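Working notes, structure below.
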Amino acid sequence: MSALALGHMNPDTDSIIAAIAAADLYSKRGKDVTPAAQGKPTPETEFVLNKFGLTAPQVIDDVAGKDIYLVDFSDLAQAPKGLAEANVLGIVDHHKLGDVTTSSPLEAWIWPVGCTGTVLKNMYDFYGVEIPKAIAGGMLCAILSDTVMFKSPTCTDADKKAVEALAKIAGVDDVMALGMEMFKVKSAVDGASMKDLVFRDYKDFNMNGNKVGIGQLEVVDLSILDKVKAGLQEEIAKVKAEGRHSVFLLLTDIMKEGSEMLMVSDDPSVVEKAFGVKTDGAPVWLPGVMSRKKQVVPNFEKAFK
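Those letters in the sequence shown? Residues 1332 to 1636, per the numbering used here, in order.
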């Protein structure tokens, strides 16, 4: 039975491409591994897959009894059903180590970089395995996406170095032009339901016993979202009503380099504790805030303590 390389819930480009790349790398190291995902690709990911002729991974919702490699996450809150009955063989990630535990030793690559793609690029080099041209293109886009074209505070020199090397393999001359093309697709909201937009890049977190949802929409210009803001506010209220303490939605303007945060919370004062901005639940502008992982989650974790 083939093992699975699998990313987090509500998969983003990094999560999908990392599954494809990890499956390729592990297979070339003599293991039988297939890419999988916990959902369909977003419009941005579709763009990347089509651009480089890659196939979307199979969608899996239960991993009980399966051998799996986790990519781009190690938190139970972002895992599929049946993980407790699965055999986790490895983790490749760029987030803090989560609460997944294993019954036997595993191969773990968890680096403080901007994208799982960067970790995988270094793994290919470490094991002396050549990166296929199409996968190099996908990894390059995943790094541009996760680091918001190098503007995110999560971006490191290792990410920039990986992009430079991957661009050569993929035959991409203008990395930034490709990034802008991708972010224009990511910015499009026409035809998407409010639920799709809220869950396009959304994660639940356990903050001191409170279930807190944080979503993010990255756009090239915040005015793109003017017509859907009221609908997004209504949608996050519905998500909160499913048993969460708070739901926050970051509307990130990648050119202005900041985020407007919509919220529904049992206690909006956590926002002031986290960011020093007073609110009664009305949206707030957070200048310079681009990264959920580095600037939002840690601040809220402290505020909830």
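Virtual Cβ for every residue (Gly too), placed ideally from N, Cα, C. Predicted, not measured: the structure shown is a model, and the values here were computed from it.
In the structure shown, M1525 adopts helical secondary structure according to DSSP, grouped into three states.
Leaving aside the five residues that flank D1403 on each side, the residues in its chain whose CB is nearer than 7 Å to its CB run, in chain order, G1338, H1339, D1345, S1346, A1349, D1424, T1447. When secondary structure is reduced to three states using DSSP, M1454 falls in the helix class. Between the region 1378–1386 and the region 1461–1469 there are three or more C-beta pairs closer than 8 Å, enough to call the two in contact.
Distance from N1539 to F1606 at the Cβ level is roughly 18 Å; contact not present, criterion being Cβ atoms closer than 8 Å. Judged by their CB atoms, M1594 and V1615 are nearer to each other than the 9 Å cut-off. Taking C-beta separations shorter than 7 Å and ignoring five residues to either side along the sequence, the partners of V1551 in its chain run F1514, K1515, S1518, I1585, M1586, following chain order.
A1417 sits in coil when the DSSP states are folded into three classes, being neither helix nor strand. Distances from the CA of K1359 to each of Y1458, S1435, T1373, Q1389 were compared; the closest alpha carbon is that of Y1458. Ranked by how close their Cα comes to the Cα of G1510, the residues A1498, V1431, V1520 have A1498 in first place. Distance from the CA of A1439 to the CA of L1335, rounded to the nearest whole angstrom, comes to 15 Å.
Fewer than three beta-carbon pairs drawn from the region 1479–1494 and the region 1528–1536 are found closer than 8 Å, and the two stretches are therefore not classed as touching. Taking the Cα positions, K1427 is about 33 Å away from V1559. In the structure shown, the three-state DSSP call for D1393 is strand. In the same chain as L1563, and ignoring 5 residues on each side of it, the C-beta atoms closer than 7 Å to its own belong to M1525, L1528, V1529, L1580, L1593, in chain order. The alpha carbon of K1604 has as its nearest neighbour, out of K1625, T1583, N1630, S1590, the alpha carbon of N1630. Cβ neighbours of F1536 within its own chain (closer than 7 Å, five residues either side excluded): A1408, V1543, I1545, V1628. In the structure shown, F1481 adopts coil according to DSSP, grouped into three states.
Put simply, the backbone Cα of P1436 is about 20 Å away from that of G1413. Collapsing the DSSP output to three states places T1610 in coil. In this structure, the CA atom of G1589 is about 14 Å from the CA atom of F1481. Each of D1343, G1396, D1532 was checked against the Cα of I1474, and the nearest Cα belongs to D1343.
Taking C-beta separations shorter than 6 Å and ignoring five residues to either side along the sequence, the partners of V1379 in its chain run T1344, G1469, C1472, following chain order. By the C-beta density criterion, K1371 is exposed, having fewer than 16 other C-beta atoms within 10 angstroms.
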